[in-house]
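Take a look at the structure:
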């Protein structure tokens, strides 16, 4: 069942179009992330959904009722939208309990419901504090409890974790996920952080140039982006040129099988090929793998792949893995190949290495 | 009058023209009620200038030109301009130096000095003047006016400069030093640049106050445009008063425009959201004693003389020769006027500020300009325009009536209320309203439960600001007060002009007492909200 739907949403500020036809359906009970770079219109979209801005065209349907459409504009207070702004925006003049109970009818404001809500976000007993006495993560939770208090049809979160410290972010994110799952709440989260979108949401919608470029489950989005731009927006990507034949594509890394489940396999001819960094195996040129643990294992795909010699440009060590930039000895249009290996020993710049890729890969017709 | 540092800071221009070319364009609703209310306020604010122009037009161009281009005008122009220039420069130097010493050096007793240096702002200029002249009658003319006015108004520079030095990024000074710039050059290249906007803003206020001052100059026997307009008005040379008023308004407009020019386009800001960090204060070393002596002298002259003189005359005043309204009676009358004007201004400023803060655009710009017009209208001109018009065209209806006087106060002090209300609205960001709306609250409920709650303290501050200004207002009050009524200021004036110093002194002390404590509190409020706005 669709809890929130947008069709053909259009919004411009002056002559500057921000949303140019957004179509998106949010299933009931799901947590959907709207992912886009800054300036892509994410916040405008959220504000249109909440009713703070009016769309210039298209419709917004919340729980089966048209909230914004030709001749219709439901006021924000009648939409039952739980809105959690970026900084939490707690009312500084009210206590935590006062904040949580703000949207409730006067009689219920001081009742058990407020305490229960605080309990559910893990802040039981803090009702008498004031917002400035809370940490950033606690403030976010209060803002969440305040939004949930009105039993909203949809909760909208605007970059909710952006203002938190890195170590807090992960835990608050996990808590929020759990709170939503338990309550069966439909939620839309806006973010510019790919990691956050991929790790938090059930579905990720990428907003690009005012339109939804793709909406899919996180793993599908990463594995099967609809085009090359999207591929490099979602995670690191090696985009190589190649020539597509029957089910295989010829690249400088040899011939690799093309993912048959990929979106619309292009006709044979020149293509752009996506090889994710973890699909490339790296060997030091002396024959031993770095630290003897790098590279994906498993059966070598087809006989096609071939080794490519190159030299290390940079080696970024991240503890759990390492990202290596390698300049191939054969020309790739000047671009380095990114390789992700698990752990690894030090490979100083200039070290000779060999690369080997593992399919299947994605391919798109090359734009001439 | 606590100096409003943000008074002449126009915000960045944001324009959002209506959507074009969109399919089925639906326009965002602009709050019609808000625009109507703000436009009405702007119209009332423009009344004095409109009246003045109508009057000048009625008198005929050649008549007005003849009155403007005569020897007297040249003399008044010279008197006014040289005094304004000299006092403004002196205030800039004293105010900035004092602010730097208090904020950035290890001056002994900084906190005490910080309070004492501001208090003279609460003393009406004519009381400072009275203090000096009553003790030393030879304080007269240009030199006397320079001394007295500098002492009376330098805090108008001190306050904004001190606030800006406190808010400025201390890291910039450290970086300059690390790049090999010496102490003195750092002061001129970095510190003064950081405070430049505040210094200019303070100078603007000083110049406007000097152009509008009447009482102090009358006591000092120094003739300026304002004193001459007052005299001409009282001797019923109305057309002449009108012509001189036009010149005075023009002068004020030139000051305003010049300040905008000088302010320039450079932006003073902190880079990064660093927590406010204290720069380790400069050690004064051997300069400590001279600087302390300087502060002591300043406080003695600006605060000690007027307060001391008032106390001296209470004991030495001799027999009471004049009858007049009693101190409590005058205080009561003053309070009534003050509360009336303050309530009107706070209420009127709210929609204007709301429109300016929440709906930026052309309307905001226009309203900001209309505020500028009021700043360029000295009290004597506003009072003159209102009274002349009612006398001439309304058959003396309302002439010298309480409503007209309160209207005059409201127009004069509207910019102060606007500054206060705008500062308070900055504490109620629109995002809180939106959250409240999304939680099912109607617009009215949001106004009541969120906006007014958060802006409450600022609204009280705006109210106090106008109230205090009314308490110490003399010029317009003298022109418009109903016959038989008296405020603290006018009753003081009657006694002072009659050389009944002993009777005048209690009124002076009452005004100081009423104004001193709240101006300190107000100073703190604006200081804090300046921090909150960042």
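Protein chains in written order, with the working numbering: chain A, 1 to 368; chain B, 369 to 902. Don't be surprised by glycine CBs; every beta carbon is placed ideally from N, CA and C.
(message) On the criterion of 16 or more Cβ atoms from any shown chain inside 10 Å, does residue 851 of chain B qualify as buried, or is it exposed?
(response) exposed
(message) Would residue 50 of chain A pass as an interface residue toward chain B - the criterion being a Cβ-Cβ separation below 9 Å?
(response) yes
(request) Determine the burial state of residue 691 of chain B: buried for a count of at least 16 other Cβ atoms within 10 Å of its Cβ, exposed for fewer. (result) exposed
(message) Tell me the DSSP secondary structure of residue 315 of chain A in three-state form.
(response) strand
(request) Verify whether the separation of the beta carbon atoms of residue 155 of chain A and residue 185 of chain A is less than 9 Å. (result) yes
(message) Here's the rule: buried if 16 or more other CB atoms are within 10 angstroms of the residue's CB, otherwise exposed. What is residue 668 of chain B?
(response) Burial call: exposed.
(request) Taking only beta carbons into account, state which residues of the stretch 802-829 of chain B come closer than 9 Å to chain A, listed in chain order. (result) If you check each beta-carbon in the stretch 802-829 of chain B against every beta-carbon of chain A, the ones closer than 9 Å belong to 802, 803, 804, 805, 806, 807, 808, 809, 810, 811, 813, 814, 817, 818, 821, 822 and 824.
(request) Tell me whether the beta-carbon of residue 436 of chain B lies closer than 9 Å to the beta-carbon of residue 612 of chain B. (result) yes
(request) Could you give the DSSP three-state label for residue 507 of chain B: helix, strand or coil? (result) Of the three classes helix, strand and coil, the one that applies to residue 507 of chain B here is coil, per DSSP.
(request) Note down, in chain order, every chain B residue with its Cβ under 7 Å from the Cβ of residue 89 of chain A. (result) 799, 800 and 803
(request) Inspect the beta-carbon positions of residue 496 of chain B and residue 674 of chain B and report whether they are closer than 9 Å. (result) Yes. Within cutoff.
(request) At 9 Å on the CB atoms, spell out the chain B contacts of residue 83 of chain A, in chain order. (result) Per Cβ cutoff of 9 Å: 802, 803, 805, 806 and 807.
(message) Measuring only the C-alpha atoms, how far is residue 455 of chain B from residue 514 of chain B?
(response) Those two C-alpha atoms are separated by around 6 Å.
(request) Closer than 9 Å by beta-carbon distance: list the chain B residues that pair up with residue 161 of chain A, in chain order. (result) Within chain B, no residue comes near residue 161 of chain A; the closest Cβ sits about 17 Å away, beyond 9 Å.
(message) What does DSSP give as the partner residue(s) for residue 602 of chain B in the beta ladder?
(response) DSSP output for residue 602 of chain B lists no bridge partner at all.
(request) Taking residue 61 of chain A as the reference, give the member of A:87, A:126 and A:24 with the closest Cα. (result) A:24
(message) Suppose the cutoff is 6 Å on Cβ atoms and the five residues either side in sequence are ignored; what does the same chain contact list for residue 8 of chain A look like?
(response) Result list for residue 8 of chain A: 21 and 58, in chain order.
(request) Would you decide whether residue 133 of chain A is buried or exposed? Buried here means 16 or more other CB atoms lie within 10 Å of its CB. (result) exposed
(request) Give a yes or no on whether the minimum CB-CB distance between residue 233 of chain A and chain B is below 9 Å. (result) no
(request) Figure out for me which residue from B:788, B:440, B:845 and B:847 has the closest Cα to the Cα of residue 593 of chain B. (result) B:440
(request) Please list the partners that residue 77 of chain A has in chain B, where partner means a Cβ-to-Cβ separation under 9 Å. (result) 804, 805, 806, 807, 808, 809, 810, 811, 813 and 814
(message) Could you pull the DSSP bridge partners for residue 663 of chain B from this structure?
(response) Bridge partners of residue 663 of chain B: none, in fact.
(request) Rounded to whole angstroms, what's the CA-CA distance from residue 56 of chain A to residue 43 of chain A? Just pull it up for me. (result) Answer to the nearest angstrom: the Cα atoms are 16 Å apart.
(request) On a CA-only basis, which of A:111, A:95 and A:191 is nearest residue 38 of chain A? Give me that one, please. (result) Checking every option, the nearest Cα to that of residue 38 of chain A belongs to A:191.
(message) I'd like the list of long-range same chain contacts for residue 348 of chain A, defined as Cβ closer than 6 Å, with 5 residues on each side in sequence excluded.
(response) none
(message) One question on the structure: do residue 545 of chain B and residue 551 of chain B come within less than 9 Å of each other, judged by their Cβ atoms?
(response) yes
(message) Report the start-end ranges of each beta strand (DSSP E) in the stretch 90-176 of chain A that is 3 residues or longer and not cut off at the edges.
(response) Fully enclosed beta strand (DSSP E) runs of 3 or longer: 154-158.
(request) Look at residue 577 of chain B and residue 91 of chain A and say whether their C-beta atoms are less than 9 Å apart. (result) Going by C-beta atoms, residue 577 of chain B is not nearer than 9 Å to residue 91 of chain A.
(request) Using the Cα positions of residue 216 of chain A and residue 2 of chain A, report the straight-line distance between them to the nearest angstrom. (result) 15 Å
(request) Look up residue 257 of chain A in the DSSP assignment and say whether it is helix, strand or coil. (result) strand
(request) Report the rounded CA-to-CA distance for residue 308 of chain A versus residue 241 of chain A, giving the unit in angstroms. (result) 15 Å
(message) Does the CB of residue 3 of chain A have a neighbour CB from chain B at under 9 Å?
(response) It does not; no Cβ of chain B falls within 9 Å.
(message) With three or more C-beta pairs closer than 8 Å as the rule, is the stretch 563-577 of chain B touching the stretch 521-538 of chain B?
(response) yes
(message) So, for residue 18 of chain A: in the same chain, excluding its five sequence neighbours on each side, which residues have a beta-carbon less than 8 Å away from its beta-carbon?
(response) Result list for residue 18 of chain A: 11, 12, 41, 44 and 210, in chain order.
(request) With a threshold of 16 other CB atoms inside 10 Å of the CB of residue 861 of chain B, please say whether the residue is buried or exposed. (result) buried
(message) Against chain B, does residue 150 of chain A count as a neighbour if the rule is that its beta carbon must be under 9 Å from one of theirs?
(response) yes
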